[in-house]
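Visitor:
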Amino acid sequence: MSQSAPHRQARGRQRIETILDAADLVMRRQAAVDVSLQAVAEEARLPPASLYHYFSSSQALLVELARRYMTAFEVLAARRVDHDRLRQWGDLCAFHADLALRFYHEHPVAMRLLLGPECGWEIRAADHATNRRIGGIYYRKLIQHFVVA
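The numbers in the sequence shown follow this note's numbering, run straight up by one, and end at 154.
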């Protein structure tokens with residue numbers, strides 16, 4: 006009996022999340038951004054072939070890990086802000102800056118991947134695109150809470 010496609014997809018997505026969690030743990034323990042698929046496979050307790058099924062190279066794995074962090078930043082940007090806590094537009098900026106700072110403190114690998122000098126062009130380009138989307142979210146919040154002339 007074969008598994009249904011949605012079940013396989015959910016299982017595959019869970020496997021990817023396990024691999025990304027393992028990559029994050031490996032990178033927390035080392036100074037460099039570069040990570041070996043072998044080390045990640047060992048941390049995830051998966052056969053290396055399983056990693057190669059999802060990621061053809063360590064750079065592909067790093068790009069997906071960076072995208073996971075970028076998605077988290079978009080979720081943070083979309084968080085509801087209590088209008089009554091805002092006295093001026095700078096309060097909105099401070100609120101979001103504080104969220105980002107806390108995220109980076111809780112996810113040091115994200116800081117190294119997204120802000121570090123060795124992230125690579127593919128991560129840098131994806132980060133710029135994410136920053137443009139987040140800028141749009143912030144703009145919509147700004148005009149929601151304040152009169153912009």
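Cβ coordinates follow ideal geometry from the N, Cα and C atoms, glycine included. All figures in this text were calculated on a predicted structure; none of them were measured in a lab.
Going by beta-carbon coordinates alone, are residue 56 and residue 46 separated by less than 7 Å?
Guide: Position 51 of the sequence shown, counting from 1, holds the residue named residue 56. Position 41 of the sequence shown, counting from 1, holds the residue named residue 46. Going by C-beta atoms, residue 56 is nearer than 7 Å to residue 46.
Visitor: Sorted by chain position, which residues of the same chain lie with C-beta nearer than 8 Å to residue 146's C-beta, five sequence neighbours on each side aside?
Guide: Within the sequence shown, residue 146 is the residue found at index 141, counting from 1. Closer than 8 Å at the Cβ level, and outside the excluded window around residue 146, lie 86, 97.
Visitor: At the level of alpha carbons, what is the spacing between residue 22 and residue 28?
Guide: By one-based count along the sequence shown, residue 22 stands at place 17. By one-based count along the sequence shown, residue 28 stands at place 23. Each residue's alpha carbon lies about 10 Å from the other.
Visitor: Could you pull the start and end residues of the alpha helix (DSSP H) that residue 55 belongs to?
Guide: Reading the sequence shown from its first residue, position 50 is the one you call residue 55. First-last of the alpha helix (DSSP H) with residue 55: 53-59.
Visitor: Tell me the residue span of the alpha helix (DSSP H) that contains residue 47.
Guide: Within the sequence shown, residue 47 is the residue found at index 42, counting from 1. Here the alpha helix (DSSP H) through residue 47 covers 42-49.
Visitor: Could you say which of 44, 93, 116, 61 lies nearest to residue 73 if we only look at CA atoms?
Guide: Position 68 of the sequence shown, counted from the first residue, corresponds to residue 73. Of 44, 93, 116, 61, the residue nearest in Cα terms is 116.
Visitor: Spatial neighbours of residue 104 within its chain, please: CB distance less than 6 Å, with the 5 preceding and 5 following residues excluded, ordered by chain position.
Guide: For the purposes of this step, residue 104 is taken as residue 99 along the sequence shown, with counting starting at 1. Only 81 meet the Cβ criterion.
Visitor: Ignore the nearest five residues each way along the sequence and tell me which others in residue 44's own chain have a CB closer than 7 Å to its CB.
Guide: Start at 1 with the first residue of the sequence shown, and residue 44 comes out as number 39. The answer, listed in chain order, is 31.
Visitor: Quick one: what's got a C-beta closer than 7 Å to residue 100's C-beta in the same chain, skipping five residues either side?
Guide: Locating residue 100 in the sequence shown gives position 95, counting from the first residue. Result list for residue 100: 86, in chain order.
Visitor: For residue 4, is the classification buried or exposed, using 16 other Cβ atoms within 10 angstroms of its Cβ as the cut-off for buried?
Guide: Residue 4 lies beyond the residue range present for the chain, which begins at 6 and ends at 154; the question has no answer from this structure.
Visitor: Suppose you measure from the CA of residue 94 to the CA of residue 63; what does that come to, to the nearest Å?
Guide: In the sequence shown, counting from the first residue as 1, residue 94 sits at position 89. In the sequence shown, counting from the first residue as 1, residue 63 sits at position 58. The alpha-carbon atoms of residue 94 and residue 63 are separated by roughly 42 Å.
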